[in-house]
Amino acid sequence: MKRAFTVLLALSALGLGIFLWRRAHPPSVVPVIPPEPPAAEVLPSPPVEGPETTTAPPPSAAEALTRGEALAKAGKADEARPLLERVLESDPRGEKGQKAAGILASLHEAQGHPRKALGYRLRSNLSAKDRAEAEAKAKDLAVTALSATPTPDDLVVTVGMGDTLGGIAKKHATTVECLKRVNGILDPHKVREGQRIKVLQGTFRVLVEKSAYRLTLLLDGVVM
């Protein structure tokens, strides 16, 4: 009996000890995190349609001629020339091209460029008398162009210290041979500081006539 009481007392003490220990050391509570809701599907935004960038078509010959003529009358020669050139290139023999050539000739005459003006004049529709006079004038201008005499159409360069004929030719998009021919220079290595060199300015064009076995050099439309 005494032994059973002792066992019961020991069990009671053990239970009390466990109870007291649990109160002193409560179990840690692990928070329960609810699962995240599934992410909503993000659909790509439809492309924003802006105004279409289209390259404006070039004006017709009639439009270019009208605009070019108006700009020429307004004194805006630099804006008028590209339009009139386009007309002349697209309709060289037609009425529009002939009119554009006449306006271009007048613009260059007003700016003091006789050779360029004459070149356009020769491309316009002239009477037989006017053409003969223009061609005679063209011959005089050709002689002057190929001489050392400066003209309003050309550029005159003053040789500086260390300048060479080759350097001048490269700078002004010409050749040493052309500078020698125009300026009467025999030795390209003997240019001196302060010497004035004439540089032909303009557009060279070669006209080949196979049937006549003839090659013609033109500068700004004028036969050289």
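Take 1433 as the starting number for the sequence shown in our numbering and just add one per residue.
Every residue, glycine too, gets a C-beta built ideally from N, C-alpha and C.
From a predicted model like this one, the values you see are computed outputs, not experimental measurements.
Determine the burial state of residue i: buried for a count of at least 16 other Cβ atoms within 10 Å of its Cβ, exposed for fewer.
i	result
residue 1546	buried
residue 1638	exposed
residue 1461	Low per-residue confidence applies at residue 1461: pLDDT is 49, beneath 50, and the placement is therefore not dependable enough to give any value.
residue 1588	exposed
residue 1553	buried
residue 1540	buried
residue 1597	buried
residue 1614	buried
residue 1544	exposed
Kindly indicate the opening and closing residues of the alpha helix (DSSP H) around residue i.
i	result
residue 1516	1509-1522
residue 1499	1493-1505
residue 1603	1597-1603
Could you please give the first and the last residue of the uninterrupted beta strand (DSSP E) stretch that includes residue i?
i	result
residue 1589	1587-1590
residue 1613	Premise fails: residue 1613 lies in the alpha helix (DSSP H), 1608-1615, not in any beta strand (DSSP E).
residue 1623	First-last for residue 1623: undefined, no H or E at that position.
residue 1630	1628-1631
Measuring CB to CB, does residue i end up less than 8 Å from residue j?
i	j	result
residue 1565	residue 1535	no
residue 1497	residue 1548	no
residue 1592	residue 1625	yes
residue 1493	residue 1523	yes
residue 1515	residue 1525	no
residue 1537	residue 1556	yes
residue 1570	residue 1616	no
residue 1634	residue 1585	yes
Would you mind giving the Cβ-Cβ distance between residue i and residue j, rounded to the nearest angstrom? I have them listed as a contact below 8 Å.
i	j	result
residue 1632	residue 1607	Residue 1632 to residue 1607, Cβ: 10 Å. No contact.
residue 1520	residue 1532	5 Å
residue 1651	residue 1629	Actually they are not in contact, since the Cβ atoms of residue 1651 and residue 1629 sit about 18 Å apart, beyond 8 Å.
Note down, one range per segment and in chain order, each alpha helix (DSSP H) of at least 4 residues found wholly within the region 1519-1563.
1527-1542 and 1546-1555
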